[in-house]
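**Q** Heads up: the sequence shown is residues -12 to 274, going by the numbering used here.
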Amino acid sequence: MRILPLLITLAVIAVAVVLSRAMWDAYMGSPWTRDGTVRAYVVTMAPEVAGRIVQLPVADNHFVHKGDLLMVIDPTNYRIAVSLAEAAVQQAQANAQNAEREAKRRQELTTLAVTVEEKQTYSTSAVAAQAQYQQAQANLDQARVNLERTEIRSPVNGWVTNLLAQLGDYANVGQNIISLVDADSFWVDGYFEETSLEPIQVGDPASIKLMGYSRLLHGHVDSIARGINVANAQPNGQGLATVNPIFTWVRLAQRIPVRIHIDEVPEGVVLAAGMTATVQINPRPRS
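1. Can the beta-carbon of A170 be found closer than 7 Å to that of G23?
2. Return helix, strand or coil for Q267, following the three-state DSSP convention.
3. Below 8 Å CB to CB, which residues in the same chain sit around Q162 once its five sequence neighbours on both sides are set aside?
4. Taking the beta carbon of V0 as the centre, do at least 16 other beta carbons fall within 10 Å, making it buried, or is it exposed?
5. Around the C-beta of Q175, are 16 or more other C-beta atoms found within 10 angstroms, so that it is buried, or is it exposed?
6. For H207, which of E180, I249, G224 and D156 has the nearest alpha-carbon?
7. Should V168 be counted as a contact of the ligand GDP given a C-beta to heavy atom distance under 6 Å?
8. Measure the C-alpha to C-alpha separation of V59 and Q153 and round it to an integer number of angstroms.
9. Can you look up E89 in the DSSP assignment and give me helix, strand or coil?
10. Taking all protein chains shown into account, do 16 or more other C-beta atoms lie within 10 angstroms of the C-beta of Y65, making it buried, or fewer, making it exposed?
11. Can you tell me whether T229 is buried or exposed? The criterion is at least 16 other CB atoms within 10 Å of its CB, across all chains shown.
12. Nearest-angstrom Cα distance between K91 and Q107?
Put into structure tokens, the structure is as follows:
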């Protein structure tokens, strides 16, 4: 009778070993991770000219198409600058033409009527007047560009997010006013333990399960990261390596980002950057 408990114990251990082995093989055969995140590119829009916001035809979380108007900076001062630059161009052009005519007329006169030094002086004046005309033209071009920059348009299809600007706010050059989530840029980063990376290859099909949806998304491995931050690799003030003196017997596997391209999104699934996802890779047979 004493043998029966021993046999039962051995049987339980054997079953546990077999199940553990089967689970390990399944994990290595189809690596998966619950540590996945939906990502997307965020385009930050900052004005290139300063002024008060006089038009803001968008709202928070609204979808915009590429080329849609997002915001208008008060163009009054910039229109005046264009008018002044146009007048300066006309004046500089007239001065350049007069200087050119005078220089040409002096060159046609004999040295008895005008000295060589005077001819050189008028020629130099003509060149300087032409340079001033070109500078005035460049100033006009810049003024026109600044006027165009008072209208800020969307460079991508996407959603306006975290909009805090209001009509009448003063926008400074380089100040982040509007952020857009690029609708065509969503992907998933799955963070896999380094022990499960061996069977994963670029192009392998992947299944994506979002925490908030029951339907699966399908994709494929787009790339595998080639580096993560390592604390011991940071140098100190003298340029020497900083080495953590603590070493535990149990070493935890590092997690490496694997980028998953989303091939299709089921109808009704709304993607948002930052969502949590479970990712499973189905490695293709190696040739």
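For glycine and all other residues, C-beta sits at the position ideal for the given N, C-alpha and C.
**A** Taking the definition as stated:
1. Within the sequence shown, numbered from 1, the residue matching residue 170 stands at position 183. Within the sequence shown, numbered from 1, the residue matching residue 23 stands at position 36. No.
2. The residue given as residue 267 occupies position 280 in the sequence shown. Strand.
3. Within the sequence shown, residue 162 is the residue found at index 175, counting from 1. So the qualifying residues of the chain are A33 and P34.
4. Looking up residue 0 in the sequence shown gives position 13. According to the sequence displayed, residue 0 carries Ile and not Val. So I0 ends up on the exposed side.
5. Along the sequence shown, one-based indexing puts residue 175 at 188. For clarity, residue 175 is Val in the given sequence; the question names Gln instead. Under this definition V175 is a buried residue.
6. The residue given as residue 207 occupies position 220 in the sequence shown. Checked all of E180, I249, G224 and D156; the closest Cα to H207 is I249.
7. Among the components modelled here there is no ligand, and therefore nothing to report on the ligand GDP.
8. Indexing the sequence shown from 1 puts residue 59 at position 72. Indexing the sequence shown from 1 puts residue 153 at position 166. Going by the C-alpha atoms only, they are around 11 Å apart.
9. Working through the sequence shown from its first residue, we reach residue 89 at position 102. Three-state DSSP puts E89 in a helix.
10. Start at 1 with the first residue of the sequence shown, and residue 65 comes out as number 78. Counting Cβ neighbours within 10 Å, Y65 comes out buried, since at least 16 surround it.
11. To locate residue 229, count along the sequence shown from 1; it is residue 242. So T229 counts as exposed.
12. Counted from its first residue, the sequence shown places residue 91 at position 104. Counted from its first residue, the sequence shown places residue 107 at position 120. The alpha-carbon atoms of K91 and Q107 are separated by roughly 11 Å.
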